[in-house]
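A short worksheet on the structure shown next.
This is the structure:
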């Protein structure tokens with residue numbers, strides 16, 4: 001299990017998902033109890049899948065985990081895949097480290113393909129709702 005702030009764990013998540021390989025895909029559920037022990041250690045061992053962990057009181061009291069920290073539990077061999085792909089996502093526009101803060105001028109949906117895609121989905125949904133109301 002690796003603890004870090006949101007930006008650090010984001011880089012690890014991006015590295016695991018860099019090539020969209022099912023083996024490294026992350027799908028996490030949150031229960032708020034036994035996250036580190038169950039989700040961070042036991043589940044990755046049994047399922048061979050990474051899990052995002054929100055540290056609980058045990059982590060904070062006994063391990064000194066801070067309020068701004070989260071974690072990721074995974075099989076140990078995943079670290080080699082992470083090292084191969086760390087900081088590759090986004091190419092030249094990647095987050096980098098430390099994380100770059102920027103407020104682009106003329107912020108529109110064209111900033112990334114993801115925003116453009118979401119705008120198309122939202123516009124389509126709004127149009128469908130408008131058509132339903134007009135019936």
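In this note's numbering, the protein residues as written are 1 to 135. Using N, Cα and C, we set each Cβ at its ideal position, and we do this for glycine too.
For my contact list, residue i and residue j are in at a C-beta cut-off of 8 Å; report their separation, rounded to the angstrom.
| i | j | result |
| --- | --- | --- |
| residue 50 | residue 3 | Not confirmed; about 14 Å, so no contact. |
| residue 44 | residue 75 | 5 Å |
Hey, out of the options, whose CA is closest to residue i's CA?
| i | options | result |
| --- | --- | --- |
| residue 36 | 129, 124 and 65 | 65 |
| residue 73 | 123, 41 and 124 | 41 |
| residue 11 | 79, 59 and 115 | 79 |
Taking C-beta to C-beta, are residue i and residue j nearer than 8 Å?
| i | j | result |
| --- | --- | --- |
| residue 126 | residue 15 | no |
| residue 117 | residue 81 | no |
| residue 46 | residue 26 | no |
| residue 18 | residue 88 | yes |
| residue 1 | residue 53 | yes |
Does residue i pass the burial test, meaning 16 or more other C-beta atoms within 10 Å, or should it be called exposed?
| i | result |
| --- | --- |
| residue 39 | buried |
Hey, is the stretch 5–21 in contact with the stretch 52–70, meaning 3+ C-beta pairs nearer than 8 Å?
yes
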